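The next block holds one structure in the form of structure tokens; read it before the comments.
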Amino acid sequence: MENTLLVQLRESENAGLFLLATLLGLVTGIGIWIFRAAIDGFHEIFSVWLASNILGSTLGPVAFVLSLALAGAVVGLIMDRFIGEERHHGVAGIIEAVAVSGGRLRYHRIPYKAIASALSLGAGASVGPEDPSVQIGANLGSWFGQGLRLREEHIRLLVAAGAASAIAAAFKAPIAGVFFAIEVVLNGAFETRSFGVIVLAAVISSAFTQAVEPMPEIGPFTYSLGSPLEIPLFVPLGLIVGIVSALFMRAVTWQHDLWHHYVHLPRPIKTALAGAMVGLVAIFLPQIMGTGREFMGEVLNGHGEFTILFLLLIVVGKILMTAVSMAGGFVGGIFAPTLVAGVALGAAYGDILKAAFPTAMATNPQAYAIAGMAALMAGVVRSPITAIMLVFELTNDYRLILPIMLATAVSVFAAEHIHRLGIYMDGLQRKGVFLTPGRDIDLMQGVLVEDAMLKPAPSISASASLGDLRDALRKQHINSLCVIGEQNELMGIVTLSDLQRAYKPDGDRELTVGDICTREVITVYPDDVLWTAIRQMSLHDIGRLPVVKRNSREVIGFIGRHGIMRAYNIAINRKMADQHVAERIRLNALTGGHAFEFSVPAASGVVNKAIKDIAWPSDSVVASITRNGKFLIPHGDSVLVAGDLLTIVADPELTADLRELIVGTT
23 MENTLLVQLR
33 ESENAGLFLL
43 ATLLGLVTGI
53 GIWIFRAAID
63 GFHEIFSVWL
73 ASNILGSTLG
83 PVAFVLSLAL
93 AGAVVGLIMD
103 RFIGEERHHG
113 VAGIIEAVAV
123 SGGRLRYHRI
133 PYKAIASALS
143 LGAGASVGPE
153 DPSVQIGANL
163 GSWFGQGLRL
173 REEHIRLLVA
183 AGAASAIAAA
193 FKAPIAGVFF
203 AIEVVLNGAF
213 ETRSFGVIVL
223 AAVISSAFTQ
233 AVEPMPEIGP
243 FTYSLGSPLE
253 IPLFVPLGLI
263 VGIVSALFMR
273 AVTWQHDLWH
283 HYVHLPRPIK
293 TALAGAMVGL
303 VAIFLPQIMG
313 TGREFMGEVL
323 NGHGEFTILF
333 LLLIVVGKIL
343 MTAVSMAGGF
353 VGGIFAPTLV
363 AGVALGAAYG
373 DILKAAFPTA
383 MATNPQAYAI
393 AGMAALMAGV
403 VRSPITAIML
413 VFELTNDYRL
423 ILPIMLATAV
433 SVFAAEHIHR
443 LGIYMDGLQR
453 KGVFLTPGRD
463 IDLMQGVLVE
473 DAMLKPAPSI
483 SASASLGDLR
493 DALRKQHINS
503 LCVIGEQNEL
513 MGIVTLSDLQ
523 RAYKPDGDRE
533 LTVGDICTRE
543 VITVYPDDVL
553 WTAIRQMSLH
563 DIGRLPVVKR
573 NSREVIGFIG
583 RHGIMRAYNI
593 AINRKMADQH
603 VAERIRLNAL
613 TGGHAFEFSV
623 PAASGVVNKA
633 IKDIAWPSDS
643 VVASITRNGK
653 FLIPHGDSVL
663 VAGDLLTIVA
673 DPELTADLRE
683 LIVGTT
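Going by my numbering, the sequence shown opens with residue 23, and the numbers climb by one from there.
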């Protein structure tokens with residue numbers, strides 16, 4: 023018989039969740055405390071004892087190259103031996119698990135990841151502590167939920183609460199942790215009960231870590247905004263930081279592709295090579311190593327005499343070495359590197375303004391450094407509230423709230439125009455996982471107007487005669503046309519009823535289409551969701567709507583009921599495809615294997631064979647067959663035909679064997 027307490031926890035939802043949140047916050051706080059101690063321990067071993075004391079006396083700064091290379095080899099060995107290949111790792115994997123697999127994480131792997139991450143950070147790799155910290159908290163939450171066999175919605179909530187408590191403990195930032203869970207982990211889905219559970223876990227975790235080991239303060243500072251007239255100067259900073267944010271993400275993507283496709287080395291050697299590269303750069307720019315907390319403190323407190331050129335070199339070096347560290351196999355996050363690069367970029371901007379306007383500038387240049395921290399993190403991660411609150415809690419200073427919010431908003435705006443998605447969502451979409459912010463939405467909110475509109479729009483010139491209008495309506499078998507001007511801009515709508523009221527056989531040359539058309543026209547944009555068009559048509563009792571460009575009145579299409587029905591079929595097909603992807607990911611999470619997809623070519627040796635008669639590799643299972651758009655449940659007697667799409671769950675190491683069996687190539 024089950025333990026009575028466990029039954030009560032599952033049945034008394036609110037009390038049980040708040041009790042679990044308290045326990046989760048405490049356990050996560052303990053986990054982060056141990057994790058930070060491990061980072062300090064590895065720092066003493068690799069950076070102090072090995073690099074400085076043992077190798078430093080003879081090799082000088084080159085000792086850090088060897089130290090980081092050795093640490094990289096150990097990290098690569100741990101990841102290769104105990105973790106293996108992962109579809110998504112870090113925060114992106116948690117977002118995916120919450121969205122499509124009910125928050126079920128493979129929590130048995132987290133001790134090895136935590137050790138590899140502590141070693142990465144302690145040795146000086148250019149990564150941050152937030153990613154492994156979030157993994158610790160989220161996996162603990164998933165462990166609690168799965169162990170108690172809670173409903174999926176409660177497991178997801180505990181995963182988010184664990185992530186929030188991890189950020190709260192790692193950065194002494196409970197408010198930022200809460201908003202991180204809502205903005206990033208839950209992808210914008212919000213409920214009042216969720217908020218309470220997440221807040222409780224974050225507060226307990228932060229309180230514990232501060233009680234056992236208070237984190238050194240970076241702020242507060244003596245400077246503030248000199249004059250409200252200087253607030254507009256934060257707009258160019260936001261634009262610059264937004265551009266750098268997009269470049270940061272491009273650098274990470276570029277390095278990932280480079281190391282994945284062209285560096286074909288065993289994982290320990292690959293990570294050792296990445297460590298050596300970071301060590302080489304650190305000889306000249308030691309500030310790029312590790313979390314960079316000391317460097318941020320020096321800049322913000324004005325203790326370091328850094329030139330503008332040196333600060334810009336820090337920005338470039340930190341971005342590139344973070345990309346190399348992550349792509350090469352070190353384990354860590356992106357938060358801390360964005361804060362370091364942001365503080366350097368903001369400080370350089372402030373120094374440039376001070377040099378250009380020495381008498382007019384009343385604001386300390388370090389104020390721009392604080393704004394740069396929040397703006398760069400927000401531009402990369404696309405979580406502006408989290409970024410703003412994290413910077414406030416790190417610096418313990420709220421006097422610059424207006425310029426920081428302005429710079430952050432402008433940065434996100436600029437970054438989205440260059441690189442539409444943040445780093446986590448971009449990584450998911452590159453792997454074929456497309457998530458919609460917030461809760462599940464209606465099918466027709468997942469289809470755009472441009473998917474359903476008729477192109478080109480049936481139209482007629484405003485200067486055309488009524489006779490021309492009569493002929494056009496007859497020719498196109500339609501009872502309404504868009505009326506356009508010389509630049510193809512929409513001027514109105516003309517219908518058969520308009521023509522019948524105005525048409526005079528002997529006087530049709532006196533009036534033009536522009537004279538009789540309806541000028542007040544309801545329009546939609548191509549990037550509107552289709553539900554917007556449906557609502558407009560229903561409110562105004564009309565059957566068709568012109569589609570115009572958002573930045574002009576140029577007509578590009580026409581949408582009617584027939585197009586909407588066609589789009590509904592598109593939406594259904596997309597929904598089925600999304601469900602198929604979700605099931606594949608769920609298989610990954612629940613079985614520990616990987617879900618492969620192979621299309622069966624006509625020349626394949628498995629064509630016209632029953633599944634039971636095929637020599638499949640051991641530890642592989644055919645999970646589903648997609649044939650002519652239909653999903654089939656396979657049986658031993660199921661016969662494969664050319665064109666079948668097979669979903670096979672197997673060990674990732676069997677990729678080549680499965681491809682050779684089905685496709686005929688390796």
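Glycine residues also receive a C-beta, built at the ideal position from the N, C-alpha and C atoms. Note that the structure is a prediction, hence the values are computed from the model and not measured.
Self-check item: Sufficient close CB pairs (3 or more, under 8 Å) joining the segment 624 to 631 to the segment 674 to 686
Solution: yes
Quiz item: Helix or strand or just coil, what does DSSP make of aspartate 464?
Solution: Caution is warranted here: a pLDDT of 49 is assigned to aspartate 464, below 50, making its placement in the model unreliable, and the coordinate value is therefore given only provisionally. Coil, per DSSP.
Quiz item: For the 8 Å Cβ check, are there 3 or more pairs between the segment 408 to 415 and the segment 441 to 448?
Solution: no
Exercise. Select from Glu327, Gly355, Leu342, Ser347 the residue whose C-alpha is nearest the C-alpha of aspartate 706.
Key: Outside the displayed span of the chain (23 to 688) sits residue 706, for which this structure offers no information.
Exercise. Consult DSSP for valine 546 and reduce its assignment to one of helix, strand or coil.
Key: strand
Quiz item: Between the beta-carbon of proline 406 and the beta-carbon of valine 365, is there less than 7 Å?
Solution: no
Quiz item: Out of curiosity, what's the CA-to-CA distance linking leucine 491 and threonine 540?
Solution: 14 Å
Quiz item: Of all the alpha helix (DSSP H) runs that stay within the bounds of the segment 255 to 320, which reach a length of 4 or more residues?
Solution: 256 to 284, 289 to 306
Quiz prompt | Inter-stretch contact (C-beta, 8 Å, three-pair minimum) for the segment 85 to 98 and the segment 138 to 152 | solution = yes
Quiz prompt | Cut-off 6 Å between Cβ atoms - residues of its own chain near serine 621, not counting five sequence neighbours on either side | solution = Leu667
Quiz item: Below 7 Å between beta carbons: does that hold for serine 350 and isoleucine 310?
Solution: Checking the displayed sequence, the identity of residue 350 turns out to be glycine instead of serine. No, Cβ-Cβ distance for glycine 350 and isoleucine 310 is not below 7 Å.
Quiz item: Terminal residues of the continuous alpha helix (DSSP H) containing glycine 144?
Solution: 132 to 145
Quiz prompt | Beta-ladder partner(s) of leucine 552, from DSSP | solution = Leucine 552 is not bridged to any residue.
Self-check item: At least 3 beta-carbon pairs within less than 8 Å: the segment 223 to 230 vs the segment 47 to 58
Solution: yes
Quiz item: If you run the structure through DSSP and keep just helix, strand and coil, what is arginine 566?
Solution: strand
Practice problem: State the start and end residues of the unbroken alpha helix (DSSP H) segment that holds serine 433. | Solution: 423 to 440
Quiz item: When the Cα atoms are used, what is the spatial distance from leucine 208 to leucine 495?
Solution: 52 Å
Quiz item: Straight-line CA distance for phenylalanine 580 to valine 219?
Solution: 48 Å
Self-check item: Buried versus exposed call for asparagine 75 [16 or more other C-beta atoms within 10 Å across all chains shown]
Solution: exposed
Exercise. Under the assumption that alanine 223 contacts alanine 183 (Cβ atoms under 8 Å), give the Cβ distance between them as a whole number of angstroms.
Key: 4 Å
Quiz prompt | Own chain, CB closer than 7 Å to valine 346, minus 5 neighbours either side, in chain order | solution = Gln277, Ala296, Met299, Val300
Exercise. Output the distance between the C-alpha atoms of glycine 368 and glycine 53, rounded to the nearest integer angstrom.
Key: 34 Å
Practice problem: Give the straight-line distance between the Cα atoms of isoleucine 67 and alanine 60, rounded to the nearest whole angstrom. | Solution: 11 Å
Quiz prompt | Residue from Val551, Arg575, Ser574, Thr517 whose Cα sits closest to the Cα of glycine 565 | solution = Thr517
Quiz item: Just how far apart, CA to CA, sit threonine 344 and arginine 315?
Solution: 15 Å
Exercise. Pull up the CB-CB distance for threonine 545 and leucine 567, whole angstroms please, since I reckon it's below 8 Å.
Key: 6 Å
Quiz prompt | Which of helix, strand or coil DSSP assigns to leucine 162 | solution = helix
Quiz item: If arginine 575 sits next to glutamate 511, beta carbons under 8 Å apart, how far is it from one beta carbon to the other, in whole angstroms?
Solution: 4 Å
Quiz item: Where DSSP assigns a beta bridge to glutamate 511, which residues make up the other side?
Solution: Glu576
Quiz item: Skipping 5 residues on each side, what residues in its chain have a beta carbon closer than 7 Å to that of tryptophan 55?
Solution: Thr231, Val234, Glu235
Quiz item: Does the beta-carbon distance from glutamate 152 to glycine 355 come in below 7 Å?
Solution: yes
Exercise. Locate the beta strand (DSSP E) running through leucine 503, then write down its first and last residues.
Key: 502 to 506
Quiz item: Skipping 5 residues on each side, what residues in its chain have a beta carbon closer than 7 Å to that of leucine 428?
Solution: Ile253, Phe256, Val257, Gly260
Quiz item: For valine 644, which beta-bridge partners are listed by DSSP?
Solution: Ile670
Quiz item: Which two residues bound the contiguous beta strand (DSSP E) that contains serine 483?
Solution: 481 to 483
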